[in-house]
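Asker: Right, I'll just put the structure down here and ask away after.
There are 2 protein chains.
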Amino acid sequence: MIEQTSVILDSRPVGPPTSENFRIMKNSLSEINDGHVLLKTIYLSLDPYMRGRMNADKSYADPVPIGGIMEGECVAEIINSKNSNFRVGDIVAARIGWVTHAISDGTDLRKIDQSVAPISTALGVLGMPGHTAWTGLNIIGKAKPGETVVISAATGAVGSLAGQLAKAKGMRVIGVAGGTEKCNFAKSDLGYDECFDHKLAENASELRKWLLEATPKGIDVYFENVGGKTTEAVLPIMNDFGRISVCGMISWYSGVGVDEAMRLPGAWRAILTKRLQVRGFIVWDHNDVFNDFLSETAPLVKSNKIIFRETITEGIENAPEAFINLLNGKNFGKQLVKVS
Amino acid sequence: MIEQTSVILDSRPVGPPTSENFRIMKNSLSEINDGHVLLKTIYLSLDPYMRGRMNADKSYADPVPIGGIMEGECVAEIINSKNSNFRVGDIVAARIGWVTHAISDGTDLRKIDQSVAPISTALGVLGMPGHTAWTGLNIIGKAKPGETVVISAATGAVGSLAGQLAKAKGMRVIGVAGGTEKCNFAKSDLGYDECFDHKLAENASELRKWLLEATPKGIDVYFENVGGKTTEAVLPIMNDFGRISVCGMISWYSGVGVDEAMRLPGAWRAILTKRLQVRGFIVWDHNDVFNDFLSETAPLVKSNKIIFRETITEGIENAPEAFINLLNGKNFGKQLVKVS
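From first to last, the protein sequence lines are chains A and B. When we follow the numbering used here, the leftmost residue of the first sequence carries the number 1, and every step to the right adds one. When we follow the numbering used here, the leftmost residue of the second sequence carries the number 341, and every step to the right adds one.
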């Protein structure tokens with residue numbers, strides 16, 4: 001008998017989530033049947049999209065039900081196998097949720113090549129966030145060498161790879177991040193040409209002034225991760241025929257600041273007069289390019305040409321607090337929970 | 341000596357334009373030089389984009405200067421020619437502005453085939469508005485047979501052709517227009533499956549309810565001509581992977597209603613979760629498809645499979661009032677001024 005610890009959605013948040021919205025549950029897993037494997041979680045990935053799953057309304061995916069296990073992807077070890085495709089000791093990426101253990105029939109498990117990079121990267125730079133960065137830049141943003149891109153949440157799991165891939169492509173790369181430490185890291189380690197701390201900008205106009213000075217050839221691509229002040233700053237100064245990859249809007253996920261933000265007519269005017277293309281995307285619609293992403297990015301990670309940073313929280317019982325911190329931008333790089 | 345009468349921008353409007361913003365000017369045109377032609381305007385086209393030219397700020401084009409001739413396209417007759425490409429009596433479309441006469445070196449004149457349809461159509465269904473409708477539907481909106489499209493300003497110069505082309509393509513076509521008469525015309529004459537009067541809707545929610553009932557398979561394409569309540573109604577009920585062709589936003593051109601309108605976060609949320617593509621366009625960027633448009637549309641007009649409606653105002657001195665009425669939706673179909 002294996003004891004499974006999981007994190008349950010106990011109530012739906014009104015505004016920003018608190019620890020009250022989560023509950024730890026213990027459960028016994030039965031013996032595995034033929035064709036199944038038993039998984040032990042090593043790392044759990046925490047990602048901003050999970051905030052949407054806590055709401056009652058369906059967006060692009062069904063909400064987590066009250067009393068249900070929080071959704072998420074893990075890196076896990078196979079500790080028992082009755083499936084010929086997997087052996088004990090295999091390391092896989094699996095969408096099993098916020099759990100210490102799980103049973104799987106083997107579908108949707110992705111084996112991880114441990115020779116490329118630390119296994120945690122399968123949840124970050126070589127996993128969903130990396131795939132998101134690559135897709136948002138290349139497929140949605142149609143980024144080209146010589147162009148200028150602005151990336152919000154510039155040092156986050158997605159932004160940090162988007163910035164480095166853009167730089168490797170020969171673009172001018174400007175970041176926006178929260179805090180001096182993040183901005184310094186963006187410039188000195190990730191290779192951003194410039195990075196602005198939105199917390200130091202009194203309002204969108206001030207941030208816009210800084211961005212204008214840093215983008216003498218204008219902004220061709222905006223990689224949107226946050227919404228809020230940054231969106232308001234960027235939209236009116238996009239170049240004609242610019243592209244906006246709407247990947248996330250973390251500043252608006254909990255309804256905070258929604259009232260103060262830029263109104264639609266101003267955005268529509270920019271879209272019309274500048275002939276912008278604004279396109280929302282969800283990375284799971286782009287599985288067809290996962291191998292393109294991985295074959296370009298894995299060698300760069302292996303040869304240390306792409307760097308990544310992780311914030312690792314110990315223990316699944318601390319996942320809710322780590323998630324709340326993530327929504328407040330207190331993490332640095334990819335937020336993981338070390339589960340075992 | 342030819343006396344030219346023109347309409348001048350006398351002052352920039354604050355909010356909706358009034359007749360005070362315009363002035364009639366008389367002027368003498370000199371003899372034409374070698375290579376030039378003398379044009380006599382027959383029809384002047386009035387179009388919503390002209391409102392943008394009255395503002396001081398550059399959008400996609402330079403503003404009309406104070407004291408400058410209002411910009412616009414005309415159908416004109418060549419009444420004197422020292423250019424071997426044109427003969428007296430030729431009928432051309434020409435971007436000569438709000439004038440009775442003009443001199444041209446022949447560049448940018450488009451000869452009109454008088455055997456296809458009345459020459460006024462070169463400013464409407466077979467001219468810029470038609471080209472706009474075709475491009476917005478096919479190139480920007482990527483409209484496909486079997487899909488559902490919502491078209492605002494459904495009976496306007498652009499909307500009325502977009503609706504008929506969509507219907508000819510085998511789409512479900514829903515219009516939004518201002519007034520019962522326009523809605524009835526959309527359904528009985530233009531072939532719209534349904535058309536709603538936005539004036540009868542108390543707010544965006546009510547209009548949204550009507551649209552939901554009329555679109556059992558959802559909305560795949562929104563052809564945006566107006567902004568305001570209609571945009572607010574449509575955005576949250578777009579289908580996943582829907583496309584929005586941002587062609588105009590007439591309700592917001594003069595700054596009216598901008599404060600009450602939907603805020604950006606709601607739009608951004610729809611764009612992200614539904615993976616929408618929102619793309620602004622200006623028809624002059626798409627001259628490469630003008631012949632595609634014309635070769636598809638001209639035979640349909642010639643054989644009366646596409647119908648068009650015009651509001652014709654007599655006399656160039658009445659152009660300002662006709663333009664003000666156009667911005668208020670008082671015209672029906674293409675607004676023209678019969679100049680001579």
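All C-beta atoms, glycine included, are put in the ideal place defined by N, C-alpha and C.
Does DSSP put threonine 215(A) in a helix, a strand or coil?
Answerer: coil
Asker: Using a cut-off of 7 angstroms between C-beta atoms, extract the partners of asparagine 285(A) located in chain B.
Answerer: Sequence check: residue 285(A) is aspartate here, not asparagine. Going along chain B in sequence order, the residues near aspartate 285(A) (Cβ under 7 angstroms) are Arg615.
Asker: Provide the residue span of the beta strand (DSSP E) that contains asparagine 27(A), from first to last.
Answerer: Asparagine 27(A) -> beta strand (DSSP E) spans 22 to 29.
Asker: At a Cβ threshold of 7 angstroms, is valine 234(A) touching chain B?
Answerer: no
Asker: Where does valine 404(B) fall in DSSP's three states?
Answerer: Three-state result, valine 404(B): coil.
Asker: Taking just the CA atoms, how far does arginine 619(B) sit from isoleucine 480(B)?
Answerer: Those two C-alpha atoms are separated by around 7 angstroms.
Asker: Count Cβ pairs between the stretch 326 to 338 of chain A and the stretch 349 to 368 of chain B that sit closer than 8 angstroms; are there 3 or more?
Answerer: no
Asker: For threonine 571(B), count the other beta carbons within 10 Å of its own beta carbon; 16 or more makes it buried, fewer makes it exposed. Which is it?
Answerer: buried
Asker: Consult DSSP for arginine 95(A) and reduce its assignment to one of helix, strand or coil.
Answerer: coil
Asker: Contact check, serine 115(A) vs leucine 39(A) under 8 angstroms by CB: the rounded distance?
Answerer: Actually they do not touch by this definition, with Cβ atoms about 21 angstroms apart.
Asker: Mind checking the stretch 209 to 229 of chain A against chain B and listing, in chain order, the residues whose C-beta falls within less than 9 angstroms of any C-beta there?
Answerer: Glu224, Gly227, Gly228
Asker: Measuring straight from C-alpha to C-alpha, what distance separates lysine 642(B) and tyrosine 60(A)?
Answerer: 46 angstroms
Asker: Using a threshold of 7 angstroms, state whether the C-beta atoms of isoleucine 324(A) and proline 17(A) are closer than that.
Answerer: yes
Asker: According to the neighbour-count rule (16 or more other Cβ atoms, all chains shown, within 10 Å of its Cβ), is valine 354(B) buried or exposed?
Answerer: exposed
Asker: Using a 10 Å radius around the Cβ and a threshold of 16 neighbouring Cβ atoms, would you call glycine 242(A) buried or exposed?
Answerer: The C-beta of glycine 242(A) has 16 or more other C-beta atoms within 10 Å across all chains shown, which makes the residue buried.
Asker: Starting from the N-terminal side, write out each stretch of the beta strand (DSSP E) that is 3 residues or longer and does not extend beyond the stretch 477 to 517 of chain B.
Answerer: 488 to 492, 512 to 517
Asker: So, is glutamate 31(A) buried or exposed, given that buried needs 16 or more other C-beta atoms within 10 angstroms?
Answerer: exposed
Asker: Hey, out of Gly333(A), Leu300(A), Ala162(A), Thr155(A), whose CA is closest to threonine 148(A)'s CA?
Answerer: Ala162(A)
Asker: Count the CB pairs spanning the stretch 87 to 99 of chain A and the stretch 64 to 72 of chain A that are closer than 8 angstroms, and state whether there are at least three.
Answerer: yes
Asker: What residues from the stretch 402 to 428 of chain B come within 8 angstroms of chain A, judged by C-beta to C-beta, listed N to C?
Answerer: none
Asker: At 8 angstroms on the CB atoms, spell out the chain B contacts of tyrosine 43(A), in chain order.
Answerer: By Cβ distance, chain B contributes nothing, its closest Cβ being about 27 angstroms from tyrosine 43(A), past 8 angstroms.
Asker: State the DSSP-derived secondary structure class of alanine 186(A), mapped to helix, strand or coil.
Answerer: helix
Asker: From Leu44(A), His101(A), Ser245(A), Ala102(A), pick the residue whose C-alpha is nearest to that of leucine 137(A); which is it?
Answerer: Ser245(A)
Asker: Short of 8 angstroms in beta carbon distance, which residues of its chain neighbour serine 368(B), apart from the five on each side in sequence? Order them along the chain.
Answerer: Correct list, in chain order: Met341, Ile342, Glu343, Gln344.
Asker: So, do the stretch 168 to 176 of chain A and the stretch 186 to 198 of chain A have three or more beta carbon pairs nearer to each other than 8 angstroms?
Answerer: Under the 8 angstroms Cβ criterion, the stretch 168 to 176 of chain A counts as touching the stretch 186 to 198 of chain A, having at least three qualifying pairs.
Asker: Could you give the uninterrupted runs of the alpha helix (DSSP H) lying entirely in the stretch 591 to 650 of chain B, keeping only those of 4 residues or more?
Answerer: 604 to 613, 630 to 642
Asker: Roughly how many whole angstroms lie between the Cα atoms of lysine 26(A) and isoleucine 42(A)?
Answerer: Their backbone Cα atoms lie some 18 angstroms apart in a straight line.
Asker: For proline 145(A), which residues of its own chain have a beta-carbon under 6 angstroms away from its beta-carbon, when the five flanking residues on both sides are left out?
Answerer: Lys169, Gly170
Asker: I'd like to check one pair, lysine 451(B) with valine 432(B): are the Cβ atoms closer than 7 angstroms?
Answerer: Against a cut-off of 7 angstroms, the Cβ pair of lysine 451(B) and valine 432(B) comes out as a contact.
Asker: Using the Cα positions of arginine 415(A) and leucine 9(A), report the straight-line distance between them to the nearest angstrom.
Answerer: Nothing about residue 415(A) can be reported from this structure: the residues present for chain A run from 1 to 340 only.
Asker: If you draw a straight line from the alpha carbon of lysine 507(B) to that of threonine 447(B), how long is it in whole angstroms?
Answerer: 36 angstroms
Asker: Quick check: what's the CA-CA separation for asparagine 55(A) versus asparagine 203(A)?
Answerer: 29 angstroms
Asker: Any beta carbon from chain A within less than 7 angstroms of arginine 391(B)'s own beta carbon?
Answerer: no
Asker: Tell me where the alpha helix (DSSP H) around alanine 319(A) begins and ends.
Answerer: 319 to 327
Asker: Closest to glycine 315(A) by C-alpha separation, out of Leu44(A), Val37(A), Ser11(A), would be which residue?
Answerer: Leu44(A)
Asker: Considering only the beta carbon of each residue, do leucine 666(B) and alanine 610(B) sit closer than 7 angstroms?
Answerer: Contact: no.
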